[in-house]
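In the numbering used here, the protein residues as written are 8 to 151.
Here it is, written out as structure tokens:
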């Protein structure tokens, strides 16, 4: 019984703070429209871009960001890994390339783009060496 309670608690903790990154950009736009939220589009090089990895560790994985994202945005990460072991499906790679052609023409990494629910750019930012709370404030400042 003790193990069952511990296991239940662990599952609640893991899924209670799980990341809700959309896995399809069209679905993200539909969800944003339905929930009347902006879209936070993150361009990342998850296995080669140092600032991307730090942003992921400090901000995206933080409980503060996860709670704020659930409340305020639909989040989508367009990842561009380089290592063979981390390659995405051809469909997802093609989708992310199309997003980069539209929203990241300069190939900046990391690039954080705040879009309205229709996909129009509201604002952009990149890596900032700040806390998760300060980065959340930065994202909200783009909305004004």
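For glycine and all other residues, C-beta sits at the position ideal for the given N, C-alpha and C. Owing to the predicted nature of the structure, the values given are computational and were not obtained by experimental measurement.
Exercise. Please list, in chain order, all residues of the same chain as residue 113 whose beta carbon is under 7 Å from its beta carbon, the five residues on each side excluded.
Key: The residue given as residue 113 occupies position 106 in the chain shown. Cβ neighbours of residue 113 beyond the five flanking positions: none.
Quiz item: Which ranges would you report for the beta strand (DSSP E) in the stretch 82–140 if only whole runs of at least 3 residues count?
Solution: 118–122, 128–132
Quiz item: Hey, would you say residue 80 sits closer than 8 Å to residue 45, going by beta carbons?
Solution: As a working mapping, residue 80 is identified with position 73 in the chain shown. As a working mapping, residue 45 is identified with position 38 in the chain shown. Result yes, Cβ atoms of residue 80 and residue 45 sit closer than 8 Å.
Quiz item: Hey, how far is the Cα of residue 143 from the Cα of residue 88?
Solution: Working through the chain shown from its first residue, we reach residue 143 at position 136. Working through the chain shown from its first residue, we reach residue 88 at position 81. Looking at the two C-alpha atoms, the distance is approximately 25 Å.
Quiz prompt | Short Cβ contact (8 Å threshold) for residue 124 with residue 29 | solution = For the purposes of this step, residue 124 is identified with residue 117 of the chain shown, where counting begins at 1. For the purposes of this step, residue 29 is identified with residue 22 of the chain shown, where counting begins at 1. Result no, Cβ atoms of residue 124 and residue 29 do not sit closer than 8 Å.
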